[in-house]
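Data first, discussion second: the structure below is written as structure tokens.
Residue numbers (the UniProt record's numbering): 1 to 199.
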């Protein structure tokens, strides 16, 4: 298997193995397409390793069908790799009975509260916080608190956050940040999204 070689070896007192297995915070941001898809690609690799995965979809409507959701749910239930739990803000967080009366800001905060509970309990090995950059950008969830919670999370829990306008403090804190920049998109020429490409 190909292995990348780091350009710098920090003097941090860690062994190569300890450094390699350090839990990461990953951010996919920018205006280009593919932020969520890249995160779900990470989830596929995590599933293959047998890791339990928690997907929390912030912002997106329940009507928006994500192609990767069905695939990951089937894989998670197959018994061959890791488990997959999928939570959607748009259709109501499954653990909140009063969800129908909550506005989007409250729903986003409640989603973050559940993520915090799961991090404290080490429920998952990989967390996909899809479109979570938006609640921070809009001020619904405090970025300083997010960074503090992620910095102090126990165990070996990896977290990937997607969405445009990821706050600078989150970007500075994260271990891996990718900015998806758009060069060209069919919508620029008037073409609507299509099955198998957008969903």
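The C-beta atom is built at its ideal place from N, Cα and C for all residues, glycine as well.
In three-state terms, what does DSSP make of residue i?
i: residue 42; result: helix
i: residue 189; result: helix
i: residue 112; result: helix
i: residue 15; result: coil
i: residue 103; result: coil
i: residue 162; result: strand
i: residue 54; result: strand
i: residue 93; result: coil
Whose C-beta lies closer than 6 Å to the C-beta of residue i among residues of the same chain, with five residues either side of it excluded?
i: residue 23; result: 156, 157, 158
i: residue 83; result: 52, 76
i: residue 175; result: 24, 25
i: residue 151; result: none
i: residue 177; result: 27, 171
Go ahead and label residue i buried or exposed: buried means 16 or more other beta carbons lie within 10 angstroms of its beta carbon, across all protein chains shown.
i: residue 10; result: exposed
i: residue 57; result: buried
i: residue 168; result: exposed
i: residue 185; result: exposed
i: residue 144; result: exposed
i: residue 81; result: buried
i: residue 8; result: exposed
i: residue 66; result: buried
Among the options, which has the Cα closest to the Cα of residue i?
i: residue 85; options: 96, 79, 72; result: 72
i: residue 133; options: 194, 111, 120, 161; result: 161
i: residue 109; options: 32, 89, 181; result: 89
i: residue 38; options: 179, 21, 16, 94; result: 179
i: residue 31; options: 165, 187, 196; result: 165
i: residue 105; options: 194, 27, 136; result: 136
i: residue 127; options: 20, 96, 13, 41; result: 41
Determine, using beta carbons only, whether residue i comes closer than 8 Å to chain D.
i: residue 41; result: Of the protein chains in this structure there is only one, and it is not chain D.
By Cβ distance, which residues of its chain are closer than 8 Å to residue i, with the 5 residues on each side in sequence left out?
i: residue 47; result: 53, 72, 75, 76, 81, 82, 84
Would you mind listing the alpha helix (DSSP H) stretches within the stretch 123 to 152 that are 4+ residues and don't spill past its ends, in chain order? 133 to 137, 143 to 151
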